[in-house]
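Protein chains in written order, with this note's numbering: chain E, 1478 to 1793; chain G, 74 to 564.
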């Protein structure tokens, strides 16, 4: 596979995954706030700021009053904003275009439909009453894409590169979502996390943002608290959205690209194993003790993996 | 069957035009009768719905092209007409033989003009024809292309005149495009109206890519066992990018850009995730002057530095060969009957349109005097750009065109206005079928001791009423084209 095309496919995977997480985060947060148990969580400004925080564009002045329609527009359909869903979908398609000969017609057609859906969605409807419909369609279409990727591509290097992109992005987004909701939980109570957020409504929202609430309940058979939520979303290898699961996937796919038994220490495969091992032998109390450090460290690790890949495989 | 109360109900037949479907008495010709009956069962509403579905199918598949010239390049669907064109087996045989004959003759001509130039020495074509052509590449002199083939892929544009005869309008042997649309048109028609195929046995068109790969591999460099073939594209913003990606995918080879390749010790490599991989055959969809900045345009970012040197050494095959453009020059076209006779000792199977060379003083005079009856074409443009149809020009435009011709007579040729045949075509605005002019582009492949003509082709339709220019960049659409397997076409 061409190095340039590999780079494009890697990013196609990332953009598809990213648009899904942004869309789900937006609608889950927005709609769960409507009947939230405390005033803070019900506050629309609080929800909008949470969205901005998650996307990586936090509101600097806490007193700043956000315009709801503007925030929704910017996150969803403003093509001039690089983090918007529409920008992500455009780039996913652009990257797919450049690899059109490698991917299946079915996958390309699905991406193209996805693009035209977003492009043609009426902005006015979206910002006024279409948030749910728009976001749910985005998540459903990304699910279709994932199905087409798994079901119509040869499970070779091309597939491995796309899956690496998707899983690295998934791990990144899940950590960002945890970070955001942890932050929200703190602000909602205004007190320390340990004391107050045991049964926080924010944990349910967090799990729903990762489509993991139902399975979490099945696994623990108890309402979520900070420890069980973090454990499930970070460490549980069977939870398909967990960071651990994503890193396991990344490891599996890097081994398709780099088949050496003992990868050298400056290779991507080595770094991936190292990051994975570090997480595998962590326990949740350790993480919870200093969650902020953990989040920053893990985000850095993920960036390092992507940079290493760029150097090793995408250098053209 | 009468046309009243059917979707052909309002079909207007202009008696001056050659209608491919209806004879002079207004009845559908034998080969079209069944089709006409089947389409006659649709109401306009049904048909509109089918048409919209077909359009959506093209859009979702991303089968679009970009139009240059506007401020921003726009993505458009290539308009597709659901009423197919049918060509009977004998008629097709004539076209196929003619297309192969031209390809072979052009290949021999190219070999000759880049080697001994016997045809010039024997006084068949004038030397200026070559020396004045911008597409004649001195770099190709004395170079033996692998497999001795220059024009591996030819697209021949053919029309049916009002006399019912086929004429060749031009040979395209640089980077002829359109073959992917032939396949897409068939797919779209099958999706929308699969039932009609029960009544006709049409040759498949999906075998083009496998034949193309075979042809490309037949001209592999010496000493290569199983060649590595790639398609090179200028990139995804090129108007024919869909086609480039389709061909690469259908052949199962890599689609590369210039920046994916490099040359080392006169061998060509592509940069992959597992290091360099040697390339033996390149199907290039990048124009001559852009393929190698060291040899041609130094500012080209689309090419590969050193590629031509590797080609000269015989380490890589380029298809088509650089410098083929000299032979699809519209001035060379006019010598085609002589060229065919000279190399093959045969009469041309497909007719040429009579052509006036503005470079010849007496013919230039004729052209200037009869400009309203002629089509004036620049010899070195493609895509329908720069064509003036005399009968459509205003007085000011005529004097402007005359000035242009006088300024550089070598640049222009003129031909009588040919009346392209018409075919019933669905027109969105009027929601009915109307007569529209069509041509046919056939695709011929020439390899080392092997050849292939795609049984089908791209029937291009001029969608604007009365328009004779069918190119997609000028508002043309296309039709699926069926070449029938047996005489009456029925199962």
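For each residue, glycine too, the CB sits at the ideal point set by N, CA and C. Quantities reported herein were computed from a predicted structural model and do not represent experimental measurements.
**Message:** Using C-beta distances below 8 Å, list every residue in its chain close to residue 1791 of chain E, excluding the 5 sequence neighbours before and after it, in chain order.
**Reply:** In the first chain, residue 1791 of chain E corresponds to position 314, counting from 1. If we look at residue 1791 of chain E and ignore the five residues flanking it on each side, its Cβ neighbours are 1480, 1481, 1483, 1484 and 1487.
**Message:** Which residue wins for smallest C-alpha separation from residue 1540 of chain E, given the options E:1587, E:1631 and E:1522?
**Reply:** Taking the first residue of the first chain as 1, we reach residue 1540 of chain E at position 63. Nearest C-alpha to residue 1540 of chain E: E:1522.
**Message:** At the level of alpha carbons, what is the spacing between residue 109 of chain G and residue 498 of chain G?
**Reply:** As a position in the second chain, residue 109 of chain G is number 36, starting the count at 1. As a position in the second chain, residue 498 of chain G is number 425, starting the count at 1. Roughly 13 Å between the two C-alpha positions.
**Per DSSP, the bridge partner or partners of residue 516 of chain G** = The residue given as residue 516 of chain G occupies position 443 in the second chain. Bridge partners of residue 516 of chain G: G:228.
**Request:** Select from E:1563, E:1560, E:1562 and E:1587 the residue whose C-alpha is nearest the C-alpha of residue 1573 of chain E.
**Result:** Translated into positions along the first chain, residue 1573 of chain E becomes position 96. If we check each option's Cα against that of residue 1573 of chain E, E:1587 comes out closest.
**Prompt:** Alpha carbon to alpha carbon, what distance is there between residue 1708 of chain E and residue 1671 of chain E?
**Reply:** Position 194 of the first chain holds residue 1671 of chain E. Position 231 of the first chain holds residue 1708 of chain E. Because residue 1671 of chain E sits at a pLDDT of 49, beneath the cut-off of 50, its placement in the model cannot be relied upon, and the following sentence gives the value as read from the coordinates. C-alpha separation (whole angstroms): 15 Å.
**Request:** Let me know the secondary structure DSSP gives residue 145 of chain G once reduced to three states.
**Result:** For the purposes of this step, residue 145 of chain G is taken as the residue at position 72 of the second chain. With a pLDDT of 49 at residue 145 of chain G, under the threshold of 50, the modelled position of that residue is not reliable, and the figure given next carries that caveat. Correct three-state label for residue 145 of chain G: coil.
**Request:** Note down, in chain order, each residue of its chain lying with its Cβ closer than 6 Å to the Cβ of residue 366 of chain G, except the 5 sequence neighbours on either side.
**Result:** To locate residue 366 of chain G, count along the second chain from 1; it is residue 293. 373, 376 and 378, listed in sequence order.
**Request:** Please check the pair residue 1657 of chain E and residue 1554 of chain E, which I expect to be a contact at CB under 8 Å, by giving their CB distance rounded to whole angstroms.
**Result:** On the first chain, residue 1657 of chain E is found 180 positions in, with the first residue counted as 1. On the first chain, residue 1554 of chain E is found 77 positions in, with the first residue counted as 1. Actually they are not in contact, since the Cβ atoms of residue 1657 of chain E and residue 1554 of chain E sit about 21 Å apart, beyond 8 Å.
**Asked** So what's residue 507 of chain G in DSSP terms, helix, strand or just coil?
**Response** Here residue 507 of chain G is taken as the residue at index 434 of the second chain, counted from 1. In this structure, residue 507 of chain G counts as strand in the three-state DSSP scheme.
**Item:** Contained alpha helix (DSSP H) runs [length at least 4] in the segment 266-297 of chain G, N- to C-terminal order
**Value:** 281-291
**Asked** Near residue 1699 of chain E, which residues of its chain fall below 8 Å by C-beta distance, leaving aside the five closest residues on each side in sequence?
**Response** By 1-based counting over the first chain, the position of residue 1699 of chain E is 222. So the list reads 1705, once near-sequence residues are dropped.
**Item:** Inter-stretch contact at 8 Å, needing at least 3 Cβ pairs: the segment 1742-1755 of chain E / the segment 1615-1631 of chain E
**Value:** no
**Request:** Give the DSSP-derived three-state secondary structure of residue 466 of chain G in the structure shown.
**Result:** For this step, residue 466 of chain G is matched to residue 393 along the second chain. Residue state, collapsed to three classes: coil.
**Asked** Taking the alpha-carbon positions, what's the residue 145 of chain G to residue 320 of chain G distance?
**Response** Indexing the second chain from 1 puts residue 145 of chain G at position 72. Indexing the second chain from 1 puts residue 320 of chain G at position 247. Because residue 145 of chain G sits at a pLDDT of 49, beneath the cut-off of 50, its placement in the model cannot be relied upon, and the point is left open.
**Asked** What residues in its chain sit with their C-beta under 6 Å from that of residue 369 of chain G, if we drop five residues either side in the sequence?
**Response** Within the second chain, the letter at position 296 stands for residue 369 of chain G. 362.
**Prompt:** Going by beta carbon distance, what residues of the same chain come within less than 6 Å of residue 1723 of chain E, once the five residues before and after it are set aside?
**Reply:** For the purposes of this step, residue 1723 of chain E is identified with residue 246 of the first chain, where counting begins at 1. Taken in chain order, the residues that qualify are 1644, 1647 and 1648.
**Request:** Taking 8 Å as the threshold, find out whether the segment 166-174 of chain G comes into contact with the segment 515-523 of chain G through three or more Cβ pairs.
**Result:** yes
**Item:** residue 1638 of chain E to residue 327 of chain G span [Cα, whole Å]
**Value:** Position 161 of the first chain, counting from 1, holds the residue named residue 1638 of chain E. Position 254 of the second chain, counting from 1, holds the residue named residue 327 of chain G. Looking at the two C-alpha atoms, the distance is approximately 16 Å.
**Minimum Cβ-Cβ distance from residue 1578 of chain E to chain G less than 8 Å** = Position 101 of the first chain, counted from the start, is the residue given in the question as residue 1578 of chain E. Taking Cβ atoms only, chain G reaches closer than 8 Å to residue 1578 of chain E, which makes this a yes.
**Prompt:** For the candidate residues G:286, G:309, G:269 and G:284, whose alpha-carbon lies nearest to that of residue 155 of chain G?
**Reply:** Against the second chain, residue 155 of chain G aligns to sequence position 82. Of the listed residues, the one whose Cα sits closest to residue 155 of chain G is G:269.
**Prompt:** Quick one: Cα of residue 296 of chain G to Cα of residue 387 of chain G, how far?
**Reply:** Numbered from 1 along the second chain, position 223 holds the residue referred to as residue 296 of chain G. Numbered from 1 along the second chain, position 314 holds the residue referred to as residue 387 of chain G. Those two C-alpha atoms are separated by around 10 Å.
**Message:** Is it the case that the segment 172-181 of chain G contacts the segment 223-234 of chain G, given that we only count it when at least three CB pairs across the two stretches are under 8 Å?
**Reply:** yes
**Request:** Look at the alpha carbon of residue 116 of chain G and the alpha carbon of residue 309 of chain G, and state the distance between them as a whole number of angstroms.
**Result:** Translated into the one-based positions of the second chain, residue 116 of chain G becomes position 43. Translated into the one-based positions of the second chain, residue 309 of chain G becomes position 236. For residue 116 of chain G and residue 309 of chain G, the distance between alpha carbons rounds to 40 Å.
**Message:** For chain G, check one thing: does any of its Cβ atoms lie closer than 8 Å to the Cβ of residue 1583 of chain E?
**Reply:** As a first step, residue 1583 of chain E must be located in the first chain, where it is residue number 106. No, because no Cβ of chain G sits closer than 8 Å to the Cβ of residue 1583 of chain E.
**Item:** residue 463 of chain G, buried or exposed, once every other Cβ within 10 Å from all chains shown has been counted against 16
**Value:** Indexing the second chain from 1 puts residue 463 of chain G at position 390. Looking at its Cβ environment, which holds 16 or more other Cβ atoms inside 10 Å, residue 463 of chain G is buried.
**Request:** Report back the beta-carbon spacing between residue 490 of chain G and residue 447 of chain G to the nearest angstrom; my notes put them in contact at under 8 Å.
**Result:** Residue numbering aside, residue 490 of chain G sits at position 417 when the second chain is read from its first letter. Residue numbering aside, residue 447 of chain G sits at position 374 when the second chain is read from its first letter. With 8 Å as the limit, residue 490 of chain G and residue 447 of chain G qualify as a contact, their Cβ atoms being about 7 Å apart.
**Prompt:** Got a sec: is the Cβ-Cβ distance from residue 1754 of chain E to anything in chain G below 8 Å?
**Reply:** To locate residue 1754 of chain E, count along the first chain from 1; it is residue 277. It does not: the Cβ of residue 1754 of chain E has no partner Cβ on chain G nearer than 8 Å.
**Prompt:** How about residue 91 of chain G and residue 237 of chain G: are their beta carbons less than 8 Å apart?
**Reply:** The sequence position of residue 91 of chain G within the second chain is 18, counting from 1. The sequence position of residue 237 of chain G within the second chain is 164, counting from 1. Contact: yes.
**residue 452 of chain G, buried or exposed, once every other Cβ within 10 Å from all chains shown has been counted against 16** = As a first step, residue 452 of chain G is located in the second chain; it is residue number 379 there, counting from the start. Under this definition residue 452 of chain G is a buried residue.
**Request:** Kindly indicate which three-state DSSP category residue 83 of chain G falls into: helix, strand or coil?
**Result:** Counted from its first residue, the second chain places residue 83 of chain G at position 10. Correct three-state label for residue 83 of chain G: coil.
**Request:** Whole angstroms is fine: what's the gap from residue 533 of chain G's alpha carbon to residue 549 of chain G's?
**Result:** As a first step, residue 533 of chain G is located in the second chain; it is residue number 460 there, counting from the start. As a first step, residue 549 of chain G is located in the second chain; it is residue number 476 there, counting from the start. If I take the Cα positions, the gap works out to 7 Å.
**Message:** Quick check: is the beta carbon of residue 164 of chain G nearer than 8 Å to any beta carbon in chain E?
**Reply:** Taking the first residue of the second chain as 1, we reach residue 164 of chain G at position 91. With 8 Å as the cut-off, residue 164 of chain G does not count as an interface residue toward chain E.
**Prompt:** For residue 488 of chain G, which residues does DSSP report across the bridge?
**Reply:** Taking the first residue of the second chain as position 1, residue 488 of chain G is located at position 415. Residue 488 of chain G pairs with G:448.
**Request:** For the segment 429-442 of chain G and the segment 275-286 of chain G, state whether three or more C-beta atom pairs, one from each stretch, are separated by less than 8 Å.
**Result:** no
**is_contact[residue 1783 of chain E, chain G] using C-beta, thresh 8 Å** = In the first chain, counting from the first residue as 1, residue 1783 of chain E sits at position 306. Not an interface residue.
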